[in-house]
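Numbering (my numbering), first residue to last: 20 to 411. Ideal placement from N, C-alpha and C gives every residue a C-beta, glycine not left out. Since the model is a prediction, treat every value here as computed from it, not as a measurement.
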Ligand SMILES: NC(=O)C1=CN([C@@H]2O[C@H](COP(=O)(O)OP(=O)(O)OC[C@H]3O[C@@H](n4cnc5c(N)ncnc54)[C@H](O)[C@@H]3O)[C@@H](O)[C@H]2O)[C@@H](O)CC1
Ligand SMILES: Nc1ncnc2c1ncn2[C@@H]1O[C@H](COP(=O)(O)OP(=O)(O)OP(=O)(O)O)[C@@H](O)[C@H]1O
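So, in structure tokens, the structure goes:
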């Protein structure tokens with residue numbers, strides 16, 4: 020163990036070309052400040068396939084199977100000496116997609132209505148009726164059985180006219196909103212909070228209370244759009260809660276960094292993976308997805324990047340499609356399939372699947388509609404994109 024420690028922390032720069040020796044070493048440790056390491060775990064045996072371990076501080080890892088499990092198996096002493104070096108970036112599309120396919124529930128007559136997902140969307144105001152609609156309809160198109168929208172009264176009738184599929188509750192702006200909405204919570208598997216919520220302090224206050232209650236009820240939820248504005252004001256609301264995923268665009272991400280890290284971060288189409296990880300850690304290993312030209316998601320331990328598909332069209336609503344899809348996939352990733360061989364923890368797999376799906380919808384829609392592409396065109400293509408990526 021001493022040797023391993025010395026080699027990786029002090030003895031850098033020699034290069035490591037002998038696979039056999041590397042294998043012995045990698046059994047004891049994981050070193051991530053090296054370039055192009057490919058590590059595979061099979062039958063509990065850790066094998067290093069790379070012929071290039073060098074001292075570069077830039078590291079880019081392909082998928083490391085069962086990484087979190089492996090990390091836990093390291094001795095406490097070694098974990099602490101390596102703290103700060105454990106940062107793994109996975110971009111292995113095929114392996115991640117394969118793990119996502121493993122949790123997609125089969126279409127079978129053995130399931131009853133509701134089992135594939137009862138999703139709640141909290142959002143919708145007089146100004147914004149499209150955003151909650153896009154989130155809720157996307158949840159249904161991805162495969163949830165039921166989608167409820169909890170919105171402010173002026174939005175309710177409008178949203179109902181968009182779709183008879185949605186169950187719409189005009190509750191968010193009522194005086195007993197928290198208790199009235201909580202009555203529905205036991206029936207829901209997961210929530211999207213934020214699309215079209217607006218910034219009315221009374222509504223945001225209600226949503227703050229609801230977040231507290233959802234945590235007490237141990238529910239999964241995704242925070243997007245105006246709910247992220249609330250989190251910049253009250254980051255402690257979600258600190259350390261493992262069942263929340265934040266989905267900021269670059270502007271929302273910059274605001275979160277200012278609020279939580281105390282740093283000015285310039286909004287940029289491509290996030291710094293290191294910054295996303297830093298923010299996730301500052302939130303107590305909460306999962307953060309920075310949407311952009313490349314989507315970057317981290318729980319502070321593992322970071323996944325998604326760059327497939329996508330388009331050059333930046334019409335509004337694409338983030339809502341992503342958030343609604345993610346709520347379903349989050350439920351599936353935590354509740355279905357065998358996770359023993361999964362390439363990443365469920366929250367990151369759900370994020371990866373949602374990003375990949377949204378970007379595939381964007382790619383398909385753009386190829387048909389070009390500059391005229393809107394989110395409605397993308398929603399229509401969810402089935403085609405889903406089948407292509409994950410099967411029927
Ligand atoms: N049809 C609808 O009802 C829609 C409603 N939406 C809702 O609209 C509300 C406000 O959302 P916004 O996203 O406008 O949030 P903000 O009101 O915080 O505005 C952010 C601004 O930053 C700009 N921006 C985005 N990316 C940038 C970048 N990389 N660099 C610099 N500027 C950038 C945007 O154009 C936007 O004007 C939310 O409730 C949201 O859910 C959106 O979801 C879009 C669709
Ligand atoms: N510069 C970009 N190039 C390619 N794809 C992008 C780019 N920026 C965002 N995307 C993709 O668009 C989708 C939505 O991200 P976006 O940043 O538009 O979210 P948003 O602003 O929250 O959306 P909304 O309009 O619903 O509020 C994501 O899947 C992301 O991958």
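Expected contact under 8 angstroms - CB spacing of residue i and residue j to nearest Å
i           : j           : result
residue 342 : residue 245 : Incorrect: roughly 12 angstroms between the Cβ atoms, too far for contact.
residue 340 : residue 394 : 6 angstroms
residue 174 : residue 166 : That pair is no contact at about 15 angstroms.
Residue i: CB within 6 angstroms of a non-hydrogen atom of ligand 2
i           : result
residue 286 : no
residue 312 : yes
residue 328 : no
residue 341 : yes
residue 213 : no
residue 378 : yes
residue 337 : yes
Distance cut-off 6 angstroms: residue i Cβ against heavy atoms of ligand 1
i           : result
residue 140 : no
residue 150 : yes
residue 16  : Past the boundaries of the shown model lies residue 16; the chain is included only from 20 to 411, so the question cannot be answered.
residue 396 : no
residue 219 : no
residue 147 : yes
residue 9   : Residue 9 lies beyond the stretch modelled for the chain, which goes from 20 to 411, so this question has no answer here.
Reduced DSSP secondary structure (H/G/I, E/B, other) of residue i
i           : result
residue 187 : strand
residue 324 : strand
residue 285 : coil
residue 109 : strand
residue 95  : With a pLDDT of only 49 at residue 95, under 50, the local geometry of the prediction cannot be trusted, and the value read off the model is given with reservation. Residue 95 falls in the helix class under three-state DSSP.
residue 305 : coil
residue 251 : helix
residue 246 : helix
residue 141 : strand
residue 216 : coil
residue 237 : coil
residue 198 : helix
Residues of its chain near residue i, where Cβ-Cβ distance is below 8 angstroms and the 5 sequence neighbours each way are ignored
i           : result
residue 277 : 251, 283, 284
residue 392 : 330, 332, 334, 381, 384, 385
Contacting residues, own chain, Cβ-Cβ under 6 angstroms from residue i (five flanking each side not counted)
i           : result
residue 176 : none
residue 147 : 215
Cβ-based neighbour list, residue i, same chain, cut-off 7 angstroms, excluding 5 preceding and 5 following
i           : result
residue 120 : 409, 410
residue 403 : 383
residue 223 : 249
Is the stretch 133 to 145 in contact with the stretch 347 to 355, if contact means three or more CB pairs nearer than 8 angstroms? With the rule of 3 Cβ pairs closer than 8 angstroms, the stretch 133 to 145 counts as touching the stretch 347 to 355.
Looking at C-beta atoms only, is the number of pairs between the stretch 223 to 236 and the stretch 247 to 265 that lie closer than 8 angstroms three or more? With a cut-off of 8 angstroms on Cβ pairs, the stretch 223 to 236 is in contact with the stretch 247 to 265, counting three or more such pairs.
Quick test of the definition: if touching needs 3 or more C-beta pairs under 8 angstroms, does the stretch 362 to 373 touch the stretch 110 to 124? Contact between the stretch 362 to 373 and the stretch 110 to 124 is present, because at least three Cβ pairs lie under 8 angstroms.
Could you tell me whether the stretch 372 to 384 touches the stretch 325 to 335, using the rule of 3 or more Cβ pairs below 8 angstroms? As far as the Cβ criterion goes, the stretch 372 to 384 touches the stretch 325 to 335, which means the pair count is three or higher.
Given 8 angstroms as the limit, is there contact between the stretch 204 to 219 and the stretch 180 to 190, that is, 3 or more CB pairs closer than that? For the pair of segments examined, the stretch 204 to 219 was found not to touch the stretch 180 to 190: the number of CB pairs separated by less than 8 angstroms stays below three.
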